[in-house]
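Going left to right, the sequence shown walks through residues 5 to 305 as the numbering used here numbers them. Step one of this worksheet: look at the structure below.
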Amino acid sequence: MRRNCPVPGASLFALPSLHPHLARVQIAPEQQSAAGQAEHEAHREALRLLQEQGFEPLVGGAYALKTHTGIWRDTKDLDLFLRKDQVQRALDVLARAGYRTEMTDEIWLAKAYSGPWFVDLIFSSGNGIATVDEQWRSRAAPGTVLGLQALIVPAEEMIWQKAFIQERERFDGADIHHLLRCKGRQLDWDHLLKRFGERHWEVLLVHLITYRYAFSCEKDQVPEAVMRELIRRLEQRESEPAGADRVCRGTLLSRQQYLHETNVEGYRDARETETEGWTGDRTYPVEYPDRGTHDAHRRSR
Numbered sequence: 005m006r007r008n009c010p011v012p013g014a015s016l017f018a019l020p021s022l023h024p025h026l027a028r029v030q031i032a033p034e035q036q037s038a039a040g041q042a043e044h045e046a047h048r049e050a051l052r053l054l055q056e057q058g059f060e061p062l063v064g065g066a067y068a069l070k071t072h073t074g075i076w077r078d079t080k081d082l083d084l085f086l087r088k089d090q091v092q093r094a095l096d097v098l099a100r101a102g103y104r105t106e107m108t109d110e111i112w113l114a115k116a117y118s119g120p121w122f123v124d125l126i127f128s129s130g131n132g133i134a135t136v137d138e139q140w141r142s143r144a145a146p147g148t149v150l151g152l153q154a155l156i157v158p159a160e161e162m163i164w165q166k167a168f169i170q171e172r173e174r175f176d177g178a179d180i181h182h183l184l185r186c187k188g189r190q191l192d193w194d195h196l197l198k199r200f201g202e203r204h205w206e207v208l209l210v211h212l213i214t215y216r217y218a219f220s221c222e223k224d225q226v227p228e229a230v231m232r233e234l235i236r237r238l239e240q241r242e243s244e245p246a247g248a249d250r251v252c253r254g255t256l257l258s259r260q261q262y263l264h265e266t267n268v269e270g271y272r273d274a275r276e277t278e279t280e281g282w283t284g285d286r287t288y289p290v291e292y293p294d295r296g297t298h299d300a301h302r303r304s305r
């Protein structure tokens, strides 16, 4: 039985914690200060402009998480998901309205700025795997965001995209756990398995296992048949010999944490073959230190 899952769309108020060492609950958008309201108005206007011009951007990020789980966290941006072929036209619309725009990374991200505030136009994941396609839109349900009716990124696509975010400074596994706890039985598991495909299903399995660890009393949110199928695949792969190619696929999970292997140990960066159009990390470029290799494990701490 699902326990204590907030009703999607319900307001969450800033309440003092019963435990002083814990952070305060973040305030919901409708309860924000005047400065916060100005920020939300900039986000709302960007969404309204795109909708008015015939785009159907999908809202993701904190707003989608709240819609699917009822959990709200403070956010400084608005994540809008579009197909890549729509992004330049969307940037043109926002530029004509006075936003400063940029194609931040040809693989996955563009941005539009209004003063100190900005909107992310996202068309894939940072590794180029979770590309936005027409199924994102066709499977999306409507919700209310900043007073506007908008399409919300489907929970399955959120899990697919977030599964690969495993940076040292950011790990989205907890968001996946929240989605599984609140919507596991409602998910289209066949669709989710197809999203991860033959190349990436092990990433999904890892998240399902850590979910069971986090919420052992809620393990039934994940169908037994799904777990058995993924474990069957794991057992089959275990019986096969290791691959001969020295490829590091850790770079599909983190842009920084596997630089020693690719820059020193000679492993090939999997993004070079698995990410279409990959030309390097342009959004947040990371250079490996040119000092000796003996202390490489300490330098990113």
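Quick reminder that beta carbons are idealized off the backbone N, C-alpha and C, glycines included. Here the structure is a predicted model, which means the values were calculated and not measured.
Rounded C-alpha distance that separates residue i from residue j
i	j	result
Glu-239	Phe-200	18 Å
Asp-224	Gly-147	27 Å
Glu-276	Gly-151	42 Å
Leu-234	Thr-279	24 Å
Thr-266	Glu-106	30 Å
Leu-197	Leu-155	23 Å
Cys-186	Glu-160	12 Å
Leu-256	Lys-115	22 Å
Leu-184	His-72	10 Å
Leu-62	Gln-260	29 Å
Ala-101	Ser-243	59 Å
Arg-77	Glu-202	34 Å
Glu-222	Glu-269	42 Å
Phe-168	Arg-174	11 Å
Ala-145	Leu-208	23 Å
Pro-245	Ala-229	26 Å
Val-149	Leu-263	39 Å
Ser-220	Ser-258	28 Å
Gln-92	Gly-188	35 Å
Gln-41	Glu-49	12 Å
Residue i and residue j closer than 8 Å at C-beta
i	j	result
Ser-128	Ala-134	yes
Leu-84	Leu-53	no
Glu-110	Gly-247	no
Arg-216	Arg-250	no
Ala-218	Cys-252	no
Thr-79	Ala-94	no
Glu-43	Trp-140	no
Given residue i as reference, the closest of the options once Cα atoms are compared
i	options	result
Met-231	Glu-265, Ala-178, Trp-193	Trp-193
Asp-89	Asp-137, Ala-218, Ala-178	Asp-137
Glu-171	Gly-254, Ile-75, His-181	Gly-254
Gly-58	Ile-75, Leu-86, His-182, Leu-209	Leu-86
Gln-190	Phe-168, Asp-176, Pro-158	Pro-158
Gln-55	Ala-229, Gln-153, Gln-41	Gln-153
Glu-45	Thr-108, Gly-119, Lys-166	Gly-119
Residue i beta carbon near the ligand HEM (any heavy atom closer than 7 Å)
i	result
Pro-146	The model on display carries no ligand, and the ligand HEM is accordingly not part of it.
Cβ shell of residue i (< 7 Å), same chain only, five flanking positions each side left out
i	result
Trp-112	Ile-126, Phe-127, Ser-128, Ser-129, Gly-130, Gly-132
Pro-227	Trp-193
Arg-237	Trp-205
Ile-163	Ile-180, Leu-183, Leu-196
Gln-177	It should be pointed out that residue 177 corresponds to Gly in this sequence rather than to Gln. Excluding positions up to five away in sequence, the list reads His-211, Thr-214.
Glu-60	Arg-141, Leu-155
Gln-165	Ser-129, Ala-134
Cutoff 6 Å; reference residue i; Cβ partners in own chain excluding five residues on either side
i	result
Leu-82	His-47, Val-123
Arg-104	Tyr-117
Ala-99	Thr-105
Gly-64	Asp-83, Phe-85, Val-157
Ala-27	For Ala-27, the predicted model reports a pLDDT of 36, less than 50, meaning its position is unreliable and no value from the coordinates is stated.
Contact set for residue i: own chain, Cβ-Cβ below 8 Å, skip 5 residues either direction
i	result
Val-97	Leu-53, Leu-54, Gln-57, Phe-59
Cutoff 8 Å: residue i Cβ touching any chain C Cβ
i	result
Pro-227	Of the protein chains in the structure, only one exists, and it is not chain C.
Where in the segment 25 to 99 do unbroken runs of the alpha helix (DSSP H), each at least 4 residues long, occur, reported from the N-terminal end onward?
Within the segment 25 to 99, the complete alpha helix (DSSP H) runs of at least 4 residues fall at 38 to 56, 65 to 73.
Taking only runs that begin and end inside the segment 149 to 202, name each unbroken beta strand (DSSP E) of 3 or more residues, in chain order.
152 to 156
Quick one: complete beta strand (DSSP E) runs, 3+ long, within the segment 194 to 274?
none
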